[in-house]
Amino acid sequence: MTSSEETPSFRLAYVPGVTPGKWVRIWNERLPDVPLTLVGVSAAEASDALRGRDADAGLVRLPIDRTDLSAIPLYTETTVVVIPKDHVMAAVEEVSAAELADDIVLHPLDDTLEWEHRPGKPAIERPATTADAVELVAAGVGLLVVPQSLARLHHRKDLTYRPVVDAPESRVALSWPEDETTDLVEEFIGIVRGRTVNSTRGRARSQARSKDGSADADGTRRKPATGRSTGKASARATGKATGGSGRSGAKSAGRNQRSGSAGPKAAKRGKPRRRS
């Protein structure tokens with residue numbers, strides 16, 4: 194089987210905390226003949242996975258190394274602090290970075306938040322992953338500041354979280370190799386941007402095209418109609434030829450033919466003489 198005959202497919206990478214389920218469901222409804230495969234990657238590995246063509250596109254956290262990659266920001270997440278349920282901060286609805294000054298705040302190696310000045314006191318060692326840091330929070334070693342989706346992903350019954358009002362936020366984006374903006378990538382861009390089926394670019398629209406190059410308002414291509422004119426069309430044409438328009442022109446032409454008149458230029462009949 195040649196490459197041109199292979200069944201098309203689409204590989205979507207995604208980083209922890211991002212939930213692509215809604216977009217995958219829409220993809221399966223619109224393109225049931227093109228299977229979508231999810232590829233889980235760490236935030237640090239996402240850009241290399243895309244450049245290495247391990248995925249056609251990816252849902253990543255910004256910032257990433259944008260070399261040879263295109264990216265469309267999708268949404269911004271709230272940043273929260275993960276704390277034990279019996280921590281004093283559990284009694285308030287939100288906190289500021291300054292209120293973390295007296296606590297040890299863990300900084301895992303896979304952290305994607307960009308701080309100008311990190312809050313709290315640093316731990317002796319940095320945890321390898323966010324999952325490891327959550328375990329340390331549960332053990333009472335320190336606190337953890339992360340995007341809200343990661344706090345939900347690593348939820349534990351003995352932990353809770355509160356928004357940090359002045360913390361940097363995490364942005365999620367759709368990224369792909371800039372020289373591989375294929376029709377399928379365009380389809381997924383349309384899905385994440387909320388385009389309808391009729392407005393989606395790429396494959397779906399190209400399938401609506403026919404061979405002659407003409408198009409209706411809804412994008413359907415059709416050939417121009419051929420054949421003899423209908424009776425109504427002939428009547429309209431006759432009306433124009435006789436100086437009238439539409440149905441009245443056709444009736445005028447008929448009266449001229451019955452009376453033997455030559456049309457609008459025929460001689461007018463004189464008035465009858467009055468009897469003496």
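For what it's worth, my numbering labels the leading residue of the sequence shown as 194, then goes sequentially.
Don't be surprised by glycine CBs; every beta carbon is placed ideally from N, CA and C.
Proximal residues to residue i (C-beta, below 6 Å), its chain only, five neighbours per side dropped
| i | result |
| --- | --- |
| D296 | G313 and L336 |
| L377 | F203 |
| A326 | L299, P301, P320 and L337 |
| H280 | none |
Rounded separation between residue i and residue j - CA only
| i | j | result |
| --- | --- | --- |
| W369 | L267 | 14 Å |
| I317 | P277 | 20 Å |
| I265 | V338 | 25 Å |
| G387 | A332 | 43 Å |
| T353 | A236 | 23 Å |
| V275 | V385 | 29 Å |
| R218 | A360 | 33 Å |
| T200 | D249 | 15 Å |
| I382 | L262 | 14 Å |
| E379 | M282 | 45 Å |
| D351 | I257 | 33 Å |
Whole-Å CB distance - residue i paired with residue j, under 8 Å assumed
| i | j | result |
| --- | --- | --- |
| V390 | Q341 | At roughly 32 Å, the Cβ-Cβ gap does not stay under 8 Å, so V390 and Q341 are not in contact. |
| L252 | L367 | 6 Å |
| V365 | E222 | No, V365 and E222 are not in contact; Cβ-Cβ is about 23 Å, not under 8 Å. |
| V234 | A206 | 5 Å |
| P320 | L306 | Their Cβ separation, rounded to whole angstroms, is 14 Å, which puts P320 and L306 out of contact at 8 Å. |
| L231 | P213 | 7 Å |
| L346 | P209 | 6 Å |
| V285 | R349 | The pair is not a contact, with the Cβ atoms about 20 Å apart (cut-off 8 Å). |
Coarse secondary structure for residue i, derived from DSSP in three states
| i | result |
| --- | --- |
| G210 | coil |
| W216 | helix |
| L329 | helix |
| E270 | strand |
| L252 | strand |
| I384 | helix |
| L229 | strand |
| R319 | coil |
| S363 | strand |
| S202 | coil |
| A294 | coil |
| A264 | strand |
| V358 | coil |
| S368 | strand |
| L343 | helix |
| V337 | The residue you asked about is not Val; residue 337 is Leu in the sequence shown. Strand at L337. |
| L302 | coil |
| L243 | helix |
| V390 | coil |
| L224 | coil |
| V285 | coil |
| V275 | strand |
Close beta carbons around residue i, own chain, < 7 Å, minus the five adjacent residues each side
| i | result |
| --- | --- |
| D303 | S235, A236, A237, T322 and T323 |
| W308 | P361 |
| H310 | none |
Close-in-space but distant-in-sequence residues of the same chain around residue i (CB under 8 Å, 5 per side omitted)
| i | result |
| --- | --- |
| V358 | E287, V288 and S289 |
Short CB-CB distance (under 7 Å) between residue i and chain C
| i | result |
| --- | --- |
| A291 | Of the protein chains in this structure there is only one, and it is not chain C. |
Report yes or no: do three or more beta-carbon pairs, one from the segment 281 to 292 and one from the segment 223 to 242, lie closer than 8 Å? The segment 281 to 292 is not in contact with the segment 223 to 242.
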